Amino acid sequence: MKIVWLRRDLRVDDNTALVEASLSGESVAAVYTATPKTWQRHGMAPIQADLIFRRLTALQNELSEKNIPLYYLEVDTYHQAAKAMADLALESKASAIYFNKQYELDEIERDKLLCEYLQQMEIDCVGFDDKCLLPPGTIVNKQGDYYKVFTPFKRAYVARLFQAPPIVRKVPKVEARAQLSSKTVTFFDAQCDFSYPRTDSSHYLAETQTIIQKLRDFEANNVDGYDRQRDFPAIEGTSELSPYLSIGALSIRQCLARLLYNRTLPIAGGREVWLSELVWREFYQHLLHFEPKLSKGHSFTQWGDKLHWHDVSAFIEAWKSGQTGYPIIDAAMRQLNHTGWMHNRLRMIVASFLIKDLHIDWRIGERYFISKLVDGDYAANNGGWQWCASTGCDGQPYFRIFNPTTQSEKFDSDARFIRRWVPELEAVPQQYIHRPWCWPNAKSLSYPSPIVDHRAEREITLALYKDAKENMDGA
C-alpha cells in the first residue's frame, strides 16, 4: 500500500504523487493532516481554512470514485505531523509515503524529518516536484546560477514550455481499496472539523468540475482581453483562479495547458500577459527554494534590512480598516476584509501606500494579507510585498511611488468600485470623488480626512531609502 500525504495539492487529476502512487499497482490511501498551531504561527486566514475544509469534502467524493479513501489526522505542528505520518505508515504496513514538495522552509524541514523517520523504519519516502511546471534548479543562467531578474527567467521558461507543452495526467482507478489500521486517523467526512477558526468561504468554488469550468470560461471568453481589462477593479477582468491555485485545487499545468490549447506560436495580447502572471508565480517559488532567508522574514536585498521603518499604530489600524481618507485605499482594504480577496492592481496600490506613504514595515502588510486572503500563498505574497517595497528580487525601483489619487483616477475613473465599498461618499459629486477632502461640503461626511499628505511623504520615503542604501555601502 502507498500512502499519499496531501497538503496544498487538493486535487485528483494532475496530482503527481497521486498519479505515481496509483500507477504502482498497489492500493492507495490519501491522508490530510491539519496542524492548527503551525497554521496559527503562519497566520493562515480563517476563510482559507474554510475553503480547504470544503475542498476536502468535495475531494473525498472525487477520490472515492478512484477507489482511494481519504483519511484525516489532526496534530498541533508540522513536526508532530511528520512523526504521526511515519507511525501511521509503520502501523499500516505501507511500503511508502508519497508527497508533493513545498518550498517554504518550515515545509522543507517537515519533509526532511519525515524522511528521516521513514528511513529508520525502512519505508520509502518519495517527494515529487509538482507545484511548479519546471522545478527549481531546472532553469539557470549560463553560470549555472538561478535567475535574479524576471525577464530572462521568463524567456528561458517560455522556451522550455514550448519545447515540451504541459501534459495533464489523469489518475487511474485503483483496483483494491486501501484501509489504514490505526486509531490516529479517521475517514474524512463532513463530521470532521479543524481545531482552527473558519469563516464562510461559500462565495468560492470547491468542486473540481466547477473550478475547471471557471478556467475554461476564462480562457474562452476573457483571456484575450486580459491585457486591456486586468487593471480595472470594477470589472471582472482577471481570472479569479488564485484561490484554487493557492490550495492546489488547480495546478499550474492545468492553467497552462488550457491557455495554450490549440494555439500556435507566438501567443500575444491577453494570453501573453496572463502567461507572464503565471510565470511570476513560478519565479517566486524558485526564489524560495534558493533563498531560505525569505522564509525567515528577511529582505532579498541586504540593504532592505537597513531601512528604518516608522511604527505608528494609528496609521496601521487606519490602513487595515479602510479609514485612511484615500478612497481607493479604503475601498480596496474593505474588499479584502469583507471577501478575503483583493484585485491585483489594488494589492500593489495599498502595499505601496503602507510602505511608501506611511513608512510601515512591509512585513506587517505581508502578514495582514496572509491573515485575510482566501488565496494566501507565501511565495506569491512575499514576492509581491517585497516587489512593492523595492527590497525584493527584481523589485520596482525605490523611487517609484504610486500616487493613490492618480491610481484611483486612472483605474477607477467613474468610481464604481469606490462607491461600492465606501458608501460614506455617496453624496460626493463625481468631480470630487477621488479627492473628497476638496469638496466644499467635506465636513458633512462621516469619512476621515487623509491621514497623510502624499507629496510630503514621498520625500520622506526617498530620504529613508537613500539612507538605507548609503548605510549599506558604508558598512
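Residue numbers (the UniProt record's numbering): 1 to 475. By construction, the Cβ of each residue, glycine as well, lies at the ideal position given by its N, Cα and C atoms. Keep in mind it's a predicted model, so treat the numbers as computed, not measured.
Same chain, Cβ closer than 6 Å to residue i, five either side skipped, listed in chain order
{"i": "tyrosine 465", "result": "Tyr398"}
{"i": "threonine 33", "result": "Leu73 and Ala81"}
{"i": "phenylalanine 417", "result": "Pro233, Ala234 and Ala331"}
{"i": "phenylalanine 369", "result": "Asn381"}
{"i": "tryptophan 319", "result": "Leu354"}
{"i": "tryptophan 39", "result": "Tyr196"}
{"i": "arginine 334", "result": "Gly322 and Trp421"}
{"i": "valine 19", "result": "Arg169 and Val171"}
{"i": "alanine 389", "result": "Ile355 and Trp362"}
{"i": "tyrosine 226", "result": "Gly270, Val273 and Trp274"}
{"i": "serine 242", "result": "Asp375"}
Proximity below 8 Å, CB of residue i to CB of residue j
{"i": "isoleucine 329", "j": "valine 312", "result": "no"}
{"i": "leucine 90", "j": "methionine 121", "result": "yes"}
{"i": "valine 168", "j": "glutamine 254", "result": "yes"}
{"i": "asparagine 100", "j": "alanine 17", "result": "yes"}
{"i": "leucine 250", "j": "arginine 11", "result": "yes"}
{"i": "tyrosine 432", "j": "tryptophan 421", "result": "no"}
{"i": "leucine 51", "j": "alanine 190", "result": "no"}
{"i": "valine 185", "j": "asparagine 15", "result": "no"}
{"i": "tryptophan 102", "j": "arginine 160", "result": "The sequence as given places glutamine at residue 102; tryptophan does not occur at that position. Not closer than 8 Å, so no."}
{"i": "aspartate 377", "j": "phenylalanine 150", "result": "no"}
{"i": "glycine 325", "j": "asparagine 337", "result": "no"}
{"i": "glutamine 396", "j": "tryptophan 385", "result": "no"}
{"i": "arginine 435", "j": "glutamate 426", "result": "no"}
{"i": "histidine 310", "j": "leucine 358", "result": "yes"}
{"i": "leucine 278", "j": "isoleucine 252", "result": "yes"}
{"i": "glycine 127", "j": "aspartate 111", "result": "yes"}
{"i": "threonine 391", "j": "phenylalanine 300", "result": "yes"}
Enclosing beta strand (DSSP E) for residue i [first to last residue]
{"i": "valine 4", "result": "2 to 6"}
{"i": "glutamate 20", "result": "Not the beta strand (DSSP E): glutamate 20 falls in the alpha helix (DSSP H), residues 16 to 22."}
{"i": "phenylalanine 283", "result": "Per DSSP, phenylalanine 283 belongs to no beta strand (DSSP E); it is in the alpha helix (DSSP H), 269 to 290."}
{"i": "aspartate 124", "result": "124 to 128"}
{"i": "valine 28", "result": "28 to 34"}
{"i": "phenylalanine 99", "result": "96 to 100"}
{"i": "leucine 59", "result": "No beta strand (DSSP E) contains leucine 59, which is instead part of the alpha helix (DSSP H) from 46 to 64."}
{"i": "leucine 73", "result": "70 to 74"}
Beta-carbon contacts of residue i that lie in its chain and below 7 Å, excluding the five residues immediately before and after
{"i": "threonine 117", "result": "In the sequence on display, residue 117 carries tyrosine and not threonine. Taken in chain order, the residues that qualify are Ala82, Lys83 and Ala86."}
{"i": "proline 135", "result": "Asp129"}
{"i": "histidine 298", "result": "Asp305"}
{"i": "lysine 367", "result": "In the sequence as displayed, the identity of residue 367 is arginine instead of lysine. The residues are Gly43."}
{"i": "tryptophan 303", "result": "Ala468, Lys469 and Met472"}
{"i": "arginine 198", "result": "Pro46, Ala49, Asp50 and Phe53"}
{"i": "serine 27", "result": "Met1, Val174, Ala176, Arg177 and Ala178"}
{"i": "asparagine 403", "result": "His454"}
{"i": "residue 479", "result": "Any property of residue 479 remains undetermined from this structure, which presents the chain solely from 1 to 475."}
{"i": "methionine 342", "result": "Ala332, Gln335 and Leu336"}
{"i": "proline 166", "result": "Leu133, Arg253, Leu256 and Ala257"}
Contact belief for residue i with residue j at Cβ below 8 Å, rounded distance in angstroms
{"i": "leucine 180", "j": "serine 92", "result": "5 Å"}
{"i": "serine 446", "j": "tryptophan 437", "result": "Their Cβ separation, rounded to whole angstroms, is 14 Å, which puts serine 446 and tryptophan 437 out of contact at 8 Å."}
{"i": "leucine 215", "j": "arginine 258", "result": "5 Å"}
{"i": "isoleucine 401", "j": "arginine 458", "result": "5 Å"}
{"i": "histidine 203", "j": "threonine 57", "result": "The Cβ separation is near 16 Å, so there is no contact."}
{"i": "residue 528", "j": "phenylalanine 188", "result": "What is shown of the chain runs 1 to 475, which leaves residue 528 out entirely."}
{"i": "aspartate 231", "j": "arginine 347", "result": "Not really, about 12 Å apart at Cβ, beyond 8 Å."}
Own chain partners of residue i with C-beta closer than 8 Å, once the 5 adjacent residues on each side are dropped
{"i": "proline 36", "result": "Glu74, Asp76, Phe194, Ser195 and Tyr196"}
{"i": "tyrosine 147", "result": "Ile139, Val140, Asn141, Phe153, Ala156, Phe283 and His286"}
{"i": "serine 276", "result": "Lys154"}
{"i": "aspartate 124", "result": "Ser95, Ala96, Ile97 and Leu118"}
{"i": "aspartate 414", "result": "Ala234 and Gln430"}
{"i": "aspartate 106", "result": "Thr38, His42, Tyr78 and Ser295"}
{"i": "arginine 55", "result": "Leu10, Ala206, Ile247 and Ala249"}
{"i": "proline 266", "result": "Glu272"}
The alpha helix (DSSP H) enclosing residue i, as first and last residue numbers
{"i": "leucine 346", "result": "344 to 352"}
{"i": "isoleucine 364", "result": "362 to 372"}
{"i": "tyrosine 244", "result": "242 to 247"}
{"i": "lysine 107", "result": "Before going further, note that residue 107 is glutamate rather than lysine in the sequence given. From DSSP, the alpha helix (DSSP H) with glutamate 107 extends over 105 to 121."}
{"i": "asparagine 337", "result": "327 to 339"}
{"i": "arginine 416", "result": "416 to 421"}
{"i": "histidine 79", "result": "78 to 91"}
{"i": "tyrosine 157", "result": "150 to 163"}
Between the stretch 46 to 59 and the stretch 281 to 290, do at least 3 Cβ pairs fall closer than 8 Å? Using a C-beta cut-off of 8 Å, the stretch 46 to 59 makes no contact with the stretch 281 to 290, since fewer than three inter-stretch Cβ pairs fall below that distance.
Below 8 Å, can you find three or more Cβ-Cβ pairs linking the stretch 319 to 329 to the stretch 406 to 414? Touching, per the Cβ criterion.
For the stretch 228 to 248 and the stretch 57 to 66, state whether three or more C-beta atom pairs, one from each stretch, are separated by less than 8 Å. Short answer: they don't touch.
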